[in-house]
Amino acid sequence: MARLKAFDEDQALDSAVDCFWARGYEASSVRDLAEAMGIGSASFYNAYGDKRELFRRSLERYANRSMRERIARIEARHAPKQAIEAFLAEIIERSVKDPDCKGCLLVNSALDVATRDAELGRLVAGYLDEIRAFFRRNLEAAARQAQVPADIDPATISAHLLGVVLGIRVLARTGAKRRVLDSVAQPALALLEMAP
Numbered sequence: 002m003a004r005l006k007a008f009d010e011d012q013a014l015d016s017a018v019d020c021f022w023a024r025g026y027e028a029s030s031v032r033d034l035a036e037a038m039g040i041g042s043a044s045f046y047n048a049y050g051d052k053r054e055l056f057r058r059s060l061e062r063y064a065n066r067s068m069r070e071r072i073a074r075i076e077a078r079h080a081p082k083q084a085i086e087a088f089l090a091e092i093i094e095r096s097v098k099d100p101d102c103k104g105c106l107l108v109n110s111a112l113d114v115a116t117r118d119a120e121l122g123r124l125v126a127g128y129l130d131e132i133r134a135f136f137r138r139n140l141e142a143a144a145r146q147a148q149v150p151a152d153i154d155p156a157t158i159s160a161h162l163l164g165v166v167l168g169i170r171v172l173a174r175t176g177a178k179r180r181v182l183d184s185v186a187q188p189a190l191a192l193l194e195m196a197p
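Take the sequence shown: its letters are residues 2 to 197, numbered as in my numbering.
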């Protein structure tokens, strides 16, 4: 009979996410992580194997609880064009209300880890591609509903919008104010407007 874990794995993963998010992958030692998670090193290695595996699981948890939750909630509540606008507005709102200027764990990881670890880089790129796919899906739906210009190229504009999100999140880490973040988003949103 398998032994039950002596800790709450959801809570432990949330703590690992917070640690990686605050310190980054490289600067988070196994000791830092185990301490943040409230577990001993033996439990750490038994449950996760190593820091890299814990990081993979932390990214998945973050993606589920942040990015995927946001996409599902916004798509359920808004028409396609408004979903894109709401997504960017929420990213800006979260950025300006973050007193620690942590940015986004996925974007931070793209800058911190992806260049040194090809496998983790592909993992992070896959998560970011889900955001691009959200934009494309909603651009295509908005075009079918005549909410955006008929000649809009969903593939190109969705990639552009992903770049805007990345730019906003990186600028937010430097403490950029709302007006700066809004000025990054506005030209992209203007592409969605119908010609007079």
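Using N, Cα and C, we set each Cβ at its ideal position, and we do this for glycine too.
Top-ranked residue by Cα proximity to residue i, from the options
i	options	result
GLY50	ALA64, VAL31, LEU60, ALA37	VAL31
ASP183	ASP19, PHE56, GLU86, PRO150	GLU86
GLY104	ILE153, HIS79, ASN139, MET68	MET68
ASP118	GLN187, PHE56, TYR46	PHE56
LEU129	ILE72, ALA48, GLN148	ILE72
ASN65	LEU172, GLU131, SER44, ILE92	GLU131
Three-way DSSP call (helix, strand, coil) for residue i in this model
i	result
GLU117	According to the sequence provided, residue 117 is Arg. The question's Glu does not apply to it. Coil, per DSSP.
PRO150	coil
HIS161	helix
SER44	helix
CYS20	helix
TYR26	coil
ASP11	helix
Beta-carbon contacts of residue i that lie in its chain and below 6 Å, excluding the five residues immediately before and after
i	result
ALA37	SER16, CYS20
VAL108	LEU167, ARG170
ALA111	VAL125
SER29	CYS20, PHE21
PHE88	ILE75
Spatial neighbours of residue i in its chain, beta-carbon cut-off 8 Å, leaving aside the 5 residues before and after
i	result
ARG133	SER159, ALA160, LEU162, LEU163
Cβ shell of residue i (< 7 Å), same chain only, five flanking positions each side left out
i	result
GLU76	ALA84
TYR26	PHE56, SER110, ASP113, VAL114
Cβ neighbour criterion (16 or more within 10 Å) applied to residue i
i	result
PRO100	exposed
LYS178	exposed
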